[in-house]
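For reference, the structure discussed in these notes is given below.
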Amino acid sequence: MNADQWKKSVTGVGNCPAWCVSAHHENPDDEAIFHVSEPVTVPMPPQVSGELLSLTVVTVADEDFHTPDRGRSADRVEISLNDGQGQPTHDYIPVRAPGELDELISGLRRAADALEPWRGRLPAAA
Numbered sequence: 000m001n002a003d004q005w006k007k008s009v010t011g012v013g014n015c016p017a018w019c020v021s022a023h024h025e026n027p028d029d030e031a032i033f034h035v036s037e038p039v040t041v042p043m044p045p046q047v048s049g050e051l052l053s054l055t056v057v058t059v060a061d062e063d064f065h066t067p068d069r070g071r072s073a074d075r076v077e078i079s080l081n082d083g084q085g086q087p088t089h090d091y092i093p094v095r096a097p098g099e100l101d102e103l104i105s106g107l108r109r110a111a112d113a114l115e116p117w118r119g120r121l122p123a124a125a
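All residue numbers for the sequence shown refer to numbering that gives the first Met the number 0, where the first residue is 0 and numbers rise by one.
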């Protein structure tokens with residue numbers, strides 16, 4: 000099986016994970032196939048410099064034509080801080096286990112609960 004045939008066998012309806020929204024423009028001779036979900040994105044207020052950042056979370060799995068015995072990787076959640084063009088500003092943070100995701104969700108809920116009362120610290124809207 001050549002690289003193009005292999006790519007067709009691991010992408011598209013019935014081959015991609017149900018959550019995958021990737022168009023799969025990868026060239027399997029040179030790069031792995033990445034299955035990526037629709038992102039969950041939290042825009043941040045602009046930095047003092049005006050630069051826009053966002054927190055983005057996606058589900059990802061990958062597979063490589065050159066290592067077919069490995070098969071598709073386990074699904075994982077990846078977290079990144081992205082710039083205004085949606086490009087990561089740092090390396091992503093992998094979340095590989097349900098317990099890790101539960102801890103993240105719990106931490107985000109605690110942070111949101113702690114921040115709610117801070118509204119009163121800010122000046123009223125004009």
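For glycine and all other residues, C-beta sits at the position ideal for the given N, C-alpha and C.
Thinking just about the alpha-carbon of each residue, which of P16, G11, V12 and M0 is nearest to the one in S72? For S72, the nearest C-alpha among the options comes from P16.
E102, enclosing alpha helix (DSSP H) - first and last residue: Where E102 is concerned, the enclosing alpha helix (DSSP H) starts and stops at P97 to L114.
Under DSSP, the beta strand (DSSP E) around A123 begins and ends at which residues? Where A123 is concerned, there is no enclosing beta strand (DSSP E), because DSSP gives it neither an H nor an E.
With distances taken from CA atoms, which of L80, F33, G85 and G13 is nearest D61? Closest option to D61, judged by alpha-carbon separation, among L80, F33, G85 and G13: F33.
According to DSSP, A77 sits in a beta bridge with which residue or residues? Per the sequence shown, residue 77 should be read as Glu rather than Ala. In the DSSP output, where bridge partners are listed per residue, E77 has V57 and P93.
Measuring CA to CA, which of D28, D29 and V12 is closest to S21? Across the set D28, D29 and V12, the C-alpha of V12 shows the shortest separation from the C-alpha of S21.
Range of the contiguous beta strand (DSSP E) that encloses V9: Per DSSP, V9 belongs to no beta strand (DSSP E); it is in the alpha helix (DSSP H), A2 to V9.
Looking only at its chain, what residues have a beta carbon closer than 8 angstroms to the beta carbon of V94, apart from the 5 residues adjacent to it on each side? Only R75, V76, E77, I78, L100 and L103 meet the Cβ criterion.
For a test of the three-state rule: what should DSSP assign to P42, helix, strand or coil? Residue state, collapsed to three classes: strand.
Using a Cβ-Cβ cutoff of less than 6 angstroms, which residues in the same chain neighbour P45 once the five nearest sequence positions on both sides are dropped? Correct list, in chain order: L51.
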